[in-house]
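Trainee:
Protein chains: 2
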Amino acid sequence: MEIRIERATTLKEKPKAGEALGFGKYYTDHMFVMDWDRGQGWHDARIVPFGPIPMDPASMVLHYAQETFEGLKAYRTKDDRILLFRPEMNARRFANSNRRLCMPEVAEEDFVEAVTQLVACEKDWVPAEEGTSLYIRPFMFATEAAVGVHPASSYKFVIILSPVGAYYPEGVNPVKIYVEDEYVRATPGGTGFTKCGGNYAASIAAQVKAEEMGFTQVLWLDGVHRKYVEEVGTMNVMFMIDNEIYTAPCDGTVLPGVTRDSIIHILKSWGYKVNEMHLAIDDLMKAGHDKTLQEAFGTGTAAVISPIGELRYKEDEVTINDFKTGELTQKLYDTLTGIQWGDIEDTFGWTREVK
Amino acid sequence: MEIRIERATTLKEKPKAGEALGFGKYYTDHMFVMDWDRGQGWHDARIVPFGPIPMDPASMVLHYAQETFEGLKAYRTKDDRILLFRPEMNARRFANSNRRLCMPEVAEEDFVEAVTQLVACEKDWVPAEEGTSLYIRPFMFATEAAVGVHPASSYKFVIILSPVGAYYPEGVNPVKIYVEDEYVRATPGGTGFTKCGGNYAASIAAQVKAEEMGFTQVLWLDGVHRKYVEEVGTMNVMFMIDNEIYTAPCDGTVLPGVTRDSIIHILKSWGYKVNEMHLAIDDLMKAGHDKTLQEAFGTGTAAVISPIGELRYKEDEVTINDFKTGELTQKLYDTLTGIQWGDIEDTFGWTREVK
Ligand SMILES: Cc1ncc(COP(=O)(O)O)c(C=O)c1O
Ligand SMILES: Cc1ncc(COP(=O)(O)O)c(C=O)c1O
Chain A
1 MEIRIERATT
11 LKEKPKAGEA
21 LGFGKYYTDH
31 MFVMDWDRGQ
41 GWHDARIVPF
51 GPIPMDPASM
61 VLHYAQETFE
71 GLKAYRTKDD
81 RILLFRPEMN
91 ARRFANSNRR
101 LCMPEVAEED
111 FVEAVTQLVA
121 CEKDWVPAEE
131 GTSLYIRPFM
141 FATEAAVGVH
151 PASSYKFVII
161 LSPVGAYYPE
171 GVNPVKIYVE
181 DEYVRATPGG
191 TGFTKCGGNY
201 AASIAAQVKA
211 EEMGFTQVLW
221 LDGVHRKYVE
231 EVGTMNVMFM
241 IDNEIYTAPC
251 DGTVLPGVTR
261 DSIIHILKSW
271 GYKVNEMHLA
281 IDDLMKAGHD
291 KTLQEAFGTG
301 TAAVISPIGE
311 LRYKEDEVTI
321 NDFKTGELTQ
331 KLYDTLTGIQ
341 WGDIEDTFGW
351 TREVK
Chain U
1 MEIRIERATT
11 LKEKPKAGEA
21 LGFGKYYTDH
31 MFVMDWDRGQ
41 GWHDARIVPF
51 GPIPMDPASM
61 VLHYAQETFE
71 GLKAYRTKDD
81 RILLFRPEMN
91 ARRFANSNRR
101 LCMPEVAEED
111 FVEAVTQLVA
121 CEKDWVPAEE
131 GTSLYIRPFM
141 FATEAAVGVH
151 PASSYKFVII
161 LSPVGAYYPE
171 GVNPVKIYVE
181 DEYVRATPGG
191 TGFTKCGGNY
201 AASIAAQVKA
211 EEMGFTQVLW
221 LDGVHRKYVE
231 EVGTMNVMFM
241 IDNEIYTAPC
251 DGTVLPGVTR
261 DSIIHILKSW
271 GYKVNEMHLA
281 IDDLMKAGHD
291 KTLQEAFGTG
301 TAAVISPIGE
311 LRYKEDEVTI
321 NDFKTGELTQ
331 KLYDTLTGIQ
341 WGDIEDTFGW
351 TREVK
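Line by line, the protein sequences give chains A and U.
The numbers in the first sequence follow full-length UniProt numbering, run straight up by one, and end at 355.
The numbers in the second sequence follow full-length UniProt numbering, run straight up by one, and end at 355.
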């Protein structure tokens, strides 16, 4: 893939060292853009100044949400190298999302190449403070101007970058989770396994409700039986019960998280038994009450690991590990972030240096 | 609501009388736009020249599909009046969609006022040939630039207009329908009752599959039992069995169609018994085989009524009314289009003249 580079004539001022970066408060000077249409396929790959995209008001993405995205990060090591973490996993998941939404696929090597070249071009934007990183957001959307519902005849693939702060400036801390029994995130035959915009729009109401009730996130149950545990907010979720690990299988309704997969590999390398199975919420609450539920945590690119200190399901409530971050949870966090920031040897071969 | 009007300096050439208009091929000279943000609420209502909207690449609509839409039509009568059909129903459904998606509501009277003023401004665009109309597409989307998933802090409400052709230039004809048993459109706790973009993006794969197999549309089954009949493509669906009418109730997974509601009123006024209930696909196919299934049709703004001539469910196939448009189906089509185009007296009080 040939990428044309058009440099911005004036560069933005970068956030100062030590300044709170937040999440998505700053965007870098450039973005990657590539166009697709039915006749030409993908063409005109380019890195251009970050700026507004003119949209026809009839663009299909504004009406029928033919849109998918990915999320990954670039990390600056202590010796000033820049690492990506398993970007090929995001490339493959992106292709799966696009296939389900009848959108064109981006070849794995082109996806990784585009991410790599854009990050290389913006390498001065990768922050250096402990826990900070450069968030990478590839996304694709339908641009055809049409009001009929059909696969669009033209799309844009865009990548933008945002330097983001440490997710836990005060250290990893447990959160309170509300088990959602009214709204549903995903159902078999739907789009739960994809990162398509519609999944997220539909999820906002439950998140707002949980926050109003004083919880940080929702735990989603399956859409058919309203019984089996699926995910937590925009994270996969894992439980340690009687020294074994439980997490939902990726069989259509759960997003196959890169963090989930990495944590499973680490756990297995440490000799843990990992059960990818449908765990009933009643069994989980019971395990919480009889204290066989030892630890619980969400996994995702943004927070890496998010310990769960409390679960509320209807009128029932359990506290996990006395609302303290579990020993295994902390060790997983330290190990995975250690690999990502290059402080621990990457025996899994997961990191890719951006030169 | 004060609407500022900024007229286009040059007007487009309108399609010639007799030219095939298609659906969404032409857009008029102006569009309605109004902005919302958390501080000001709705403001700056304006009718401006139709043209591209500059979008920040981080606009939430491009990532999380916080977007909803409506669809209705303006009709030109033989005596050159312009009629809207029950626009307040679209206003109410739009508000319901927006509430579910945590988006700001547009007051019913403002919605109707915006539609009415825009159509009045573009009244020369309402085509006159038999069966043609001006399609009205109100839509709302999140504009805040942010990569976190939350209700956006800013939105745009836009209305665009497109003169559209007769849906059936060769007259009403039955279609073949594929009963979809793999993909799911909606599930309780989800967004099936709303016109949000995500529902439509998720539905494209099934539509493509049905077309590849030689069918015009899919019939959707419920997402929990995969058993009960819900909708046909982007239409509600009705069946005449043993001289009674059956259609799915609007209890969360089905879009409450304005056409559906109108047809039910007409049917009841004619003395028909209308059963809004969950009809099992097995019972429907059985009724097809023993010929108690007399007629079947989809209902929606675009086609008004779309007769169903054949149903295929797994290996089973039934033909309905010898693949001919049923007598009741035709009479409903003639009656409703008669009211909409002002040829039949509107005893229901459904039409609103645009002055
Ligand atoms: C719904 C959902 N589940 C799980 C995840 C975790 O995936 P990953 O570990 O690849 O970030 C994400 C997001 O990023 C998500 O949006
Ligand atoms: C999913 C779906 N069902 C039903 C309908 C019919 O609704 P109405 O009669 O208001 O056009 C529509 C569309 O317009 C639709 O998108």
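We put the beta carbon where it would ideally sit given N, CA and C, even for glycine.
1) Along the chain, where does the beta strand (DSSP E) that runs through Met285(A) open and close?
2) Would you be able to state if there are at least three C-beta pairs under 8 Å between the segment 118-125 of chain U and the segment 26-34 of chain U?
3) Given that a residue counts as buried once 16 or more other Cβ atoms are within 10 Å of its Cβ, and exposed if not, what is Gly214(A)?
4) Of all the CB atoms in chain U, is at least one closer than 8 Å to the CB of Gln66(A)?
5) Counting C-beta neighbours from all protein chains within 10 Å, is the total for Ile344(U) 16 or more, i.e. buried, or is it exposed?
6) Note the first and the last residue of the continuous alpha helix (DSSP H) segment covering His43(U).
7) Please identify the residue among Gly189(A), Gly271(A) and Asp322(A) whose C-alpha is closest to the C-alpha of Ala296(A).
8) Ligand 2 and Gly71(U): does any heavy atom of the ligand fall closer than 7 Å to the residue's C-beta?
9) Taking the alpha carbon of Ser162(A) as the point to measure from, which residue in Gly252(A), Glu13(A) and Lys25(A) has its own alpha carbon closest?
10) Taking the continuous beta strand (DSSP E) assigned at Pro151(A), which residues delimit it?
11) For chain A, find out if any of its Cβ atoms is closer than 8 Å to the Cβ of Thr301(U); answer yes or no.
12) In the structure shown, what three-state DSSP assignment does Asn173(U) receive?
13) Over what stretch of residues does the beta strand (DSSP E) that includes Glu129(U) continue unbroken?
14) Tell me the residue span of the beta strand (DSSP E) that contains Arg76(A).
15) Pop quiz: Val237(A) and Val229(A) are said to be a contact at Cβ under 8 Å. What is the actual Cβ separation, rounded to whole angstroms?
16) With a cut-off of 8 Å, does the C-beta of Phe50(U) fall near any C-beta of chain A?
17) Should Phe348(A) go down as buried or exposed, given a rule of 16 or more other Cβ atoms within 10 Å for buried?
18) Against chain U, with Cβ distances strictly below 8 Å, would Gly342(A) count as a contact?
19) Per the contact definition of three or more C-beta pairs closer than 8 Å, is the segment 181-195 of chain A in contact with the segment 177-186 of chain U?
20) Which runs of the alpha helix (DSSP H), 4 residues or longer, sit entirely within the UniProt domain "Rhodanese" (196-237) of chain U?
21) Verify the CB distance criterion: does Arg312(U) have a CB-CB separation below 8 Å to chain A?
22) Using CA coordinates, which residue listed in Thr329(U), Arg92(U) and Ala302(U) is at the minimum distance from Gln340(U)?
23) Are the CB atoms of Val115(A) and Glu88(A) nearer to each other than 8 Å?
24) Tell me whether the segment 270-285 of chain A and the segment 240-250 of chain A touch, counting them as touching only if at least three CB pairs, one residue from each stretch, are closer than 8 Å.
25) To the nearest angstrom, how far is the alpha carbon of residue 366(A) from that of Lys12(U)?
26) Please indicate yes or no: does the CB of Glu231(A) lie closer than 7 Å to some heavy atom of ligand 1?
27) Hey, would you say Glu67(A) sits closer than 8 Å to Leu62(U), going by beta carbons?
28) Compute the Euclidean distance between the alpha carbons of Phe17(U) and Tyr168(U), then round it to the nearest angstrom.
29) Does the distance from the CB of Tyr178(A) to the CB of Ala202(A) come in under 8 Å?
30) Output needed for Pro256(U): all residues of its chain with C-beta closer than 7 Å, excluding positions within five of it in sequence on either side, in chain order.
31) Out of Lys227(A), Gly39(A), Ile241(A) and Gln294(A), state which residue places its alpha-carbon closest to the alpha-carbon of Ser154(A).
32) Could you give the first and the last residue of the continuous alpha helix (DSSP H) run that contains Ser306(A)?
33) In three-state terms, what does DSSP make of Arg81(A)?
34) Which residues, taken in chain order from the segment 119-151 of chain U, show a beta carbon closer than 9 Å to some beta carbon of chain A?
35) Closest Cβ-Cβ distance between Gly189(U) and chain A: below 8 Å?
36) Quick one: grab the DSSP three-state call for Val112(U).
Mentor: Taking the coordinates as given:
1) In the DSSP annotation of this structure, Met285(A) is not part of any beta strand (DSSP E); the continuous alpha helix (DSSP H) holding it starts and ends at Ile281 to His289.
2) Three or more Cβ pairs closer than 8 Å define a contact, and the segment 26-34 of chain U meets that threshold against the segment 118-125 of chain U.
3) So Gly214(A) ends up on the exposed side.
4) The C-beta of Gln66(A) comes closer than 8 Å to at least one C-beta of chain U.
5) Only exposed fits Ile344(U), as fewer than 16 other CB atoms lie within 10 angstroms of its CB.
6) No alpha helix (DSSP H) contains His43(U), which is instead part of the beta strand (DSSP E) from Gly41 to Pro49.
7) The alpha carbon of Ala296(A) has as its nearest neighbour, out of Gly189(A), Gly271(A) and Asp322(A), the alpha carbon of Asp322(A).
8) In this structure, Gly71(U) has its CB closer than 7 Å to one or more heavy atoms of ligand 2.
9) It is Lys25(A) whose Cα lies nearest to the Cα of Ser162(A).
10) Looking at the DSSP string, Pro151(A) is not in any beta strand (DSSP E), and its letter there is neither H nor E.
11) No, Thr301(U) lies away from the interface with chain A (no Cβ there is under 8 Å from its Cβ).
12) It is coil, neither helix nor strand.
13) Unbroken run through Glu129(U): none, as it is neither H nor E.
14) In this chain, the beta strand (DSSP E) harbouring Arg76(A) covers Leu72 to Arg76.
15) Between Val237(A) and Val229(A), the beta carbon gap of about 7 Å places them in contact (Cβ cut-off 8 Å).
16) Yes, Phe50(U) counts as interfacial toward chain A.
17) Result: exposed.
18) Closer than 8 Å: no.
19) Taking 8 Å as the limit for Cβ pairs, the verdict is that the segment 181-195 of chain A does touch the segment 177-186 of chain U.
20) Within the UniProt domain "Rhodanese" (196-237) of chain U, the complete alpha helix (DSSP H) segments of 4 residues or longer fall at 197-212, listed in chain order.
21) Not flagged as an interface residue toward chain A: Arg312(U), since no C-beta distance is shorter than 8 Å.
22) Ranked by how close their Cα comes to the Cα of Gln340(U), the residues Thr329(U), Arg92(U) and Ala302(U) have Ala302(U) in first place.
23) No; because the gap between Cβ atoms is not below 8 Å, this pair is not in contact.
24) Touching, yes.
25) Lying outside 1 to 355, the shown extent of chain A, residue 366(A) is not represented and no answer is given.
26) Yes, ligand 1 has a heavy atom inside 7 Å of this Cβ.
27) In contact: Glu67(A) and Leu62(U) (Cβ atoms closer than 8 Å).
28) One point to set straight first is that residue 17(U) is Ala, not Phe, in the sequence displayed. Going from the Cα of Ala17(U) to the Cα of Tyr168(U) covers about 17 Å.
29) The beta carbons of Tyr178(A) and Ala202(A) sit no closer together than 8 Å.
30) Answer for Pro256(U): Arg93, Phe193 and Cys250, listed in chain order.
31) Considering only alpha carbons, the answer is Gly39(A).
32) Counting along the chain, Ser306(A) falls outside any alpha helix (DSSP H), though it belongs to the beta strand (DSSP E) covering Val304 to Tyr313.
33) Residue state, collapsed to three classes: coil.
34) Hits within the stretch, in order: Tyr135, Arg137, Phe139, Phe141, Ala142, Ala145, Ala146, Val147, Gly148, Val149, His150 and Pro151.
35) Yes, its Cβ sits closer than 8 Å to a Cβ of chain A.
36) In the structure shown, the three-state DSSP call for Val112(U) is helix.
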